[in-house]
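Data block below; observations after.
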Amino acid sequence: MVKALGSDSAEGLGQLSDEELMARYRDGGRADVFNELVHRYERELYRYLARYLGDPSLAEDVFQNTFLQVHLKRGLFESGRPFRPWLYAIATHQAVDALRKAGRHPTVSLDQRVGGGTGESEAGQLVDLLVGEDDGPLSKLQEAERQQWVRDSIARLPETLRQTLILAYHQDLKYREIAEIQKIPVGTVKSRLHAALEKLQQMARAGRRGGDE
Amino acid sequence: MSNAMKSDEMIDYVLGQVDGADRERLERALREDGVRSVRVEKLRRSLYRMLDDGTPFEHSLGLAERTVLFVARNRRKARGFSDYVPVRVPFRWADFAVAAGIFLAGVLTLLPAVQRSRERMNQAGCVFNLQRLGNSFGQYATINQLLPYPPSSRADAPAGSFAAMMHDAGVLDDPTLLDCPCNGPCAHGGRELVGFDQLESIRRTDPARHSRMVSFDYAYNIGYRHAPQSLASPGYRGSWQMPILADQPDHVGAQIRPGNSPNHAGRGQNVLFGDGSVRWYYGRRISDADPDLYLNNAHQPRPGLHETDSVLVPSHAPFRGW
Numbered sequence: 002m003v004k005a006l007g008s009d010s011a012e013g014l015g016q017l018s019d020e021e022l023m024a025r026y027r028d029g030g031r032a033d034v035f036n037e038l039v040h041r042y043e044r045e046l047y048r049y050l051a052r053y054l055g056d057p058s059l060a061e062d063v064f065q066n067t068f069l070q071v072h073l074k075r076g077l078f079e080s081g082r083p084f085r086p087w088l089y090a091i092a093t094h095q096a097v098d099a100l101r102k103a104g105r106h107p108t109v110s111l112d113q114r115v116g117g118g119t120g121e122s123e124a125g126q127l128v129d130l131l132v133g134e135d136d137g138p139l140s141k142l143q144e145a146e147r148q149q150w151v152r153d154s155i156a157r158l159p160e161t162l163r164q165t166l167i168l169a170y171h172q173d174l175k176y177r178e179i180a181e182i183q184k185i186p187v188g189t190v191k192s193r194l195h196a197a198l199e200k201l202q203q204m205a206r207a208g209r210r211g212g213d214e
Numbered sequence: 359m360s361n362a363m364k365s366d367e368m369i370d371y372v373l374g375q376v377d378g379a380d381r382e383r384l385e386r387a388l389r390e391d392g393v394r395s396v397r398v399e400k401l402r403r404s405l406y407r408m409l410d411d412g413t414p415f416e417h418s419l420g421l422a423e424r425t426v427l428f429v430a431r432n433r434r435k436a437r438g439f440s441d442y443v444p445v446r447v448p449f450r451w452a453d454f455a456v457a458a459g460i461f462l463a464g465v466l467t468l469l470p471a472v473q474r475s476r477e478r479m480n481q482a483g484c485v486f487n488l489q490r491l492g493n494s495f496g497q498y499a500t501i502n503q504l505l506p507y508p509p510s511s512r513a514d515a516p517a518g519s520f521a522a523m524m525h526d527a528g529v530l531d532d533p534t535l536l537d538c539p540c541n542g543p544c545a546h547g548g549r550e551l552v553g554f555d556q557l558e559s560i561r562r563t564d565p566a567r568h569s570r571m572v573s574f575d576y577a578y579n580i581g582y583r584h585a586p587q588s589l590a591s592p593g594y595r596g597s598w599q600m601p602i603l604a605d606q607p608d609h610v611g612a613q614i615r616p617g618n619s620p621n622h623a624g625r626g627q628n629v630l631f632g633d634g635s636v637r638w639y640y641g642r643r644i645s646d647a648d649p650d651l652y653l654n655n656a657h658q659p660r661p662g663l664h665e666t667d668s669v670l671v672p673s674h675a676p677f678r679g680w
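Protein chains in written order, with my numbering: chain C, 2 to 214; chain D, 359 to 680.
As structure tokens, then:
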């Protein structure tokens, strides 16, 4: 990181892919390359960590530790493998560690569906549930109330479902990237995502019934 | 769902998981199917309502720069053992109970094994003592052609006097051999060995000291009565059938109680034979001719009724018997 700058300008580095940057940093250890990577993921990775941890301050600490691990483990980065899932996997491990150290143990619910693949009939039922009611149970809430409900409900999801949902919906990662981060088959990613949506839908319906009563 | 778009494809499409040619195909299908298009739009709205938390999560200014500095500061720090230890481990009674339970289970498992090991060690120590005394008896018999035995006029001397006689002959210098390690260390502290005449003198002047000097853990063969008024030393023929020394019997005063020696908690007794061997007996029977190690064939703690009727009495019992 403290080596002299190479011939690449900042603009030149900006043209490189994440994988090329990481390979250069692995091989040369140049500070400007590392800086480029950190800046490139500053917003995206922080947003993921903050949402996952639910604590902006802790998210910044984990963000810094994640890139420290990127530096320490740079020799393990394999050329030809995508950088983003590798970075997210490190960040997720760091986040889980941070939660444990903070006494907030991530838990895995036993009733979550984690099997590979997702059946068309189940997906059909889920879609029917989601589009079946005219306005949906959440449409009656004020916007601020609805957003608070979303935050609370997602926080109540089992750990793996919550992680998958955030990566897929809020971080816009592809299934194959999530599969690589979580070291599970793509089918299981879809299964977890559908399970998360189904649980949220159940929570919304249960909330409405409670309100009706 | 029509062939053009399945339900899971619809979810994937709304979540932005479909790219390239597949996306084009789905968009074409939606343009052609108005009902499906409405359904997809409803799904999109439903997911938005259920998942959008409206929180932008903006990082503080300069996070990237601070991160670069943080890595520069910490990159050379080697990870120590403490880095692998959880930072905060709150005390929990459940952890304590588990640890205590494991410790207790370990102790309960090990304790009998340790006890058995100690018993085996002491048992081996007892055998070792008797074997060394057997060597001394062999040397004594080679010199004197008989085992230690007092003159007829001193038949009231305690059986334990055999040690003094062996000391006189120069074949016994270590008094610790006279203690069986199985029943704990000698209660009298360091035992002293003196010659037979000196022992008899102490008997008259200092009975308490004399009593301590002849109180051993082993019982000695007091020979047999070969005539109504005449005692005889146990014949030393190097016989594997003739007991010389054994763990002392359980006794109260002059009465020999039933059962095995208390030296080994009543489980049995080690017996030293004339050929120098030491054998373990679970009972007092030695042979048909000698049914009781500690009593003669008249069931008395007195010299045997014949040469093969061995009687081993506690060391403070007189040669003429109780």
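Here a beta-carbon is modelled for each residue, glycine too, at the ideal position from N, C-alpha and C.
Computed from a predicted structure; not experimentally measured.
Self-check item: Cβ-Cβ separation, Pro649/D to Ile614/D (assumed contact under 8 angstroms), whole Å
Solution: Counting from one through the second sequence, the residue named residue 614/D turns up at place 256. Counting from one through the second sequence, the residue named residue 649/D turns up at place 291. Not a contact, Cβ separation roughly 14 angstroms.
Quiz item: Can Phe631/D be considered in contact with the ligand MN, in the sense that its beta carbon sits closer than 7 angstroms to one or more heavy atoms?
Solution: Absence of the ligand MN from the depicted structure is noted, as is the absence of any ligand whatsoever, leaving it without description.
Practice problem: For Phe84/C, collect the residues of the same chain with a Cβ closer than 7 angstroms to its Cβ; drop the 5 residues on either side in sequence, then sort them by chain order. | Solution: Counted from its first residue, the first sequence places residue 84/C at position 83. The answer, listed in chain order, is Asp19, Glu20 and Met23.
Quiz item: Going by the CB atoms, is the gap between Gly518/D and Ser673/D shorter than 8 angstroms?
Solution: Here the question's residue 673/D lines up with position 315 in the second sequence. Here the question's residue 518/D lines up with position 160 in the second sequence. Result yes, Cβ atoms of Ser673/D and Gly518/D sit closer than 8 angstroms.
Quiz prompt | Pro414/D, buried or exposed, once every other Cβ within 10 Å from all chains shown has been counted against 16 | solution = Residue numbering aside, residue 414/D sits at position 56 when the second sequence is read from its first letter. Under this definition Pro414/D is an exposed residue.
Self-check item: Rounded distance between the beta-carbons of Trp598/D and Ser645/D, thought under 8 angstroms
Solution: Locating residue 645/D in the second sequence gives position 287, where the first residue counts as 1. Locating residue 598/D in the second sequence gives position 240, where the first residue counts as 1. Rounded, the Cβ-Cβ distance is 11 angstroms, inconsistent with contact.
Quiz item: In chain D, which residues lie less than 8 angstroms from Asp173/C when you measure between Cβ atoms?
Solution: What you label residue 173/C is simply residue 172 of the first sequence in a count that begins at 1. Chain D residues near Asp173/C: Gly374.
Self-check item: Of the residues Tyr176/C, Tyr47/C and Lys191/C, the one placed nearest Ala60/C, counting alpha carbons only
Solution: Taking the first residue of the first sequence as 1, we reach residue 60/C at position 59. Ranking the options by Cα distance to Ala60/C, first place goes to Tyr47/C.
Practice problem: Pull up the CB-CB distance for Asp605/D and Asn628/D, whole angstroms please, since I reckon it's below 8 angstroms. | Solution: Position 247 of the second sequence, counted from the first residue, corresponds to residue 605/D. Position 270 of the second sequence, counted from the first residue, corresponds to residue 628/D. Confirmed, Cβ separation roughly 6 angstroms.
Exercise. Under 7 angstroms between beta-carbons, which chain D residues line up against Lys74/C? List them in chain order, please.
Key: For the purposes of this step, residue 74/C is taken as the residue at position 73 of the first sequence. Under the 7 angstroms cutoff, chain D gives no residues; its nearest Cβ is about 12 angstroms from Lys74/C.
Practice problem: Could you confirm whether any beta carbon from chain D is found closer than 8 angstroms to the beta carbon of Glu284/C? | Solution: Nothing can be reported for residue 284/C: it is not among the residues displayed for chain C, which extend from 2 to 214.
Practice problem: Please compile the residues from chain C whose C-beta is within a distance smaller than 7 angstroms of the C-beta of Leu421/D. | Solution: Looking up residue 421/D in the second sequence gives position 63. Those within 7 angstroms of Leu421/D in chain C are Glu43, Tyr47, Glu61 and Phe64.
Quiz item: Using the beta-carbon of each residue, which ones in chain C are nearer than 7 angstroms to Phe428/D?
Solution: Here residue 428/D refers to the residue found at position 70 of the second sequence. Gln65 and Leu69, listed in chain order.
Exercise. Measuring only between beta-carbons, confirm whether Arg450/D sits less than 8 angstroms from chain C.
Key: Along the second sequence, one-based indexing puts residue 450/D at 92. Answer no: the Cβ-Cβ gap between Arg450/D and chain C never drops below 8 angstroms.
Exercise. From the DSSP output, in three-state form, read off His171/C for me.
Key: Residue mapping note: residue 171/C aligns to position 170 of the first sequence, counting from 1. Helix at His171/C.
Practice problem: Check the Cβ of Leu384/D against every Cβ in chain C and list those closer than 8 angstroms, keeping chain order. | Solution: Translated into positions along the second sequence, residue 384/D becomes position 26. Neighbours of Leu384/D on chain C: none; closest Cβ ~14 angstroms, over 8 angstroms.
Exercise. Mark Ala458/D as exposed unless 16 or more other C-beta atoms lie within 10 angstroms of its C-beta, in which case mark it buried.
Key: Counting from one through the second sequence, the residue named residue 458/D turns up at place 100. Label assigned to Ala458/D: exposed.
Exercise. Classify Ser668/D as buried or exposed, calling it buried when 16 or more other Cβ atoms lie within 10 Å of its own Cβ.
Key: As a working mapping, residue 668/D is identified with position 310 in the second sequence. It counts as buried.
Practice problem: Please determine, among Glu550/D, Glu390/D, Gln473/D and Glu423/D, the residue with the shortest C-alpha to C-alpha distance to Arg44/C. | Solution: Within the first sequence, residue 44/C is the residue found at index 43, counting from 1. With distances taken between Cα atoms, Arg44/C lies closest to Glu423/D.
Practice problem: Answer with yes or no whether the minimum CB distance from Asn432/D to chain C is below 8 angstroms. | Solution: The residue labelled residue 432/D in the question sits at position 74 within the second sequence. Interface residue, yes.
Quiz prompt | When Leu405/D, Arg433/D and Cys484/D are compared against Ala169/C, the one with the closest alpha-carbon | solution = Position 168 of the first sequence, counted from the start, is the residue given in the question as residue 169/C. Of the candidates Leu405/D, Arg433/D and Cys484/D, the one whose C-alpha sits nearest the C-alpha of Ala169/C is Leu405/D.
Quiz prompt | Rounded distance between the beta-carbons of Tyr26/C and Leu38/C, thought under 8 angstroms | solution = As a working note, residue 38/C is residue 37 in the first sequence. As a working note, residue 26/C is residue 25 in the first sequence. At roughly 7 angstroms, the Cβ-Cβ gap stays under 8 angstroms, so Leu38/C and Tyr26/C are in contact.
Quiz item: Span of the beta strand (DSSP E) holding Asp605/D?
Solution: Residue 605/D sits at position 247 when you count from the first residue of the second sequence. Unbroken beta strand (DSSP E) run through Asp605/D: Pro601 to Asp605.
Quiz prompt | Beta-carbon contacts of Phe574/D that lie in its chain and below 6 angstroms, excluding the five residues immediately before and after | solution = Taking the first residue of the second sequence as position 1, residue 574/D is located at position 216. Counting only Cβ-Cβ distances below 6 angstroms, and skipping sequence neighbours, we find Gly518, Leu536 and Ser673.
Quiz item: With distances taken between CB atoms, is the gap from Val393/D to Val372/D smaller than 8 angstroms?
Solution: Position 35 of the second sequence, counted from the first residue, corresponds to residue 393/D. Position 14 of the second sequence, counted from the first residue, corresponds to residue 372/D. Result no, Cβ atoms of Val393/D and Val372/D do not sit closer than 8 angstroms.
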